[in-house]
Amino acid sequence: MMKKITCLAVALLISGNAYATHPLITDDTGTQGTGKFQIELNGELSNDRNSSFSQTSGRTTAMLSFGINDTIDLIIGLPYQWYTLKNSGITVADNNGIGDMSVEMKLQFLHSEDTGLSFALKPGVSMPTGSEDNGFGNGAVSGWLMLIATHEGRLGKVHCNLGYSHNEYGTEATRTISRNNIWHASAAGELNMTQSLRAVADIGIETNPDKSSDSHPAFLIGGVIYGVSKSMDLDIGLKRGLNNASTDNAFLGGVTARF
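Going by my numbering, the first residue of the sequence shown is number 1, and it counts up by one from there.
Following this line, the structure appears as structure tokens:
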């Protein structure tokens, strides 16, 4: 029973492998360009309450993107995660550790300057570098594919994502309570406030990895991205769960450097 509680409590912490422009979850079609690098350090602090259970959790993620050419990026990400789970005020789980490493490629296959519309595909796999027993990984190699659309206009950008993940699990206990097939749909917008400041918003829904639930987590994010220079951005955001299947609240922050 304790194993099931721990797995379900951190299911949302380890779900969602595809990474986007922080604090957004919805990705854009943009690529780095031939031979260019981008480094991101992102953080998330969240809290959730369900009946007598309460959870505080966090994640920091380091990401490296490399432009293979003008339309293809290679992206590697590694999260470090932690959580504390309490039942009626008594701590029943308190763990931390690295999560599953992700390796992705973004392939932009259509970009129209006339219409401002572009499309990309983003396949990826996760490597079982995190502890499945502690809820920080799947315990097996999993994969996903994201279809990305972006429209860029004078005032900003709009992004739409539709994705599918196939999750494998390392233990029978996790396989018993977890879904293999996860669908994702989301949309985001960026509004140019000034030359260096963008307001961003994001909304989406994803299949609940918990087999026992037919309620699927939905979220709403609001935030800002500030361009310190052409090569560095700072961002902050707030994430709000839109139903009981989602984490209640999360604070997001990050820094991005390009070179």
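Don't be surprised by glycine CBs; every beta carbon is placed ideally from N, CA and C.
Please go through the stretch 98-122 and give each complete beta strand (DSSP E) segment of 3 or more residues, from N-terminal end onward. Taking only runs of at least 3 residues, the beta strand (DSSP E) segments lying wholly in the stretch 98-122 are 101-111.
Provide the residue(s) that pair with R59 in DSSP beta bridges, ordered along the chain. Answer is E44, Q81, bridged to R59.
Cβ neighbour criterion (16 or more within 10 Å) applied to M2: The pLDDT assigned to M2 is 43, lower than 50, so where the model puts this residue is not dependable; a value taken from the coordinates is nonetheless given after this. With fewer than 16 other CB atoms across the displayed protein chains lying within 10 angstroms of its CB, M2 is exposed.
Got a sec, what are the start and stop residues for the alpha helix (DSSP H) A173 sits in? In the DSSP annotation of this structure, the continuous segment of the alpha helix (DSSP H) that includes A173 starts and ends at 172-177.
Which residue from S112, T256, L242, G222 puts its Cα closest to that of D279? Nothing can be reported for residue 279, as the shown portion of the chain is limited to 1 through 259.
By how many angstroms is the C-alpha of S215 removed from the C-alpha of F251? Looking at the two C-alpha atoms, the distance is approximately 23 Å.
Reference T71; option with closest CA among M63, G99, K157, T31: Selected option, being the one with the closest Cα: T31.
Separation of S51 from K230, as counted between CA atoms: The straight-line gap separating the alpha-carbon atoms of K230 and S51 is approximately 47 Å.
Flag F219 as yes when its Cβ comes closer than 6 Å to any non-hydrogen atom of the ligand HEM, and as no otherwise. In the structure on display, the ligand HEM does not appear, and there are no ligands present to speak of.
Specify, as a first and last residue, the run of the beta strand (DSSP E) that E152 falls within. Annotation: the continuous beta strand (DSSP E) that includes E152 extends over 142-152.
If I follow the unbroken beta strand (DSSP E) through Y169, where does it start and stop? From DSSP, Y169 is part of no beta strand (DSSP E); its letter is neither H nor E.
Please report the Cβ distance between D235 and I148, rounded to the nearest whole angstrom; I am assuming they are in contact, meaning their Cβ atoms lie under 8 Å. Going by Cβ atoms, the distance from D235 to I148 rounds to 19 Å, so no, they are not a contact pair.
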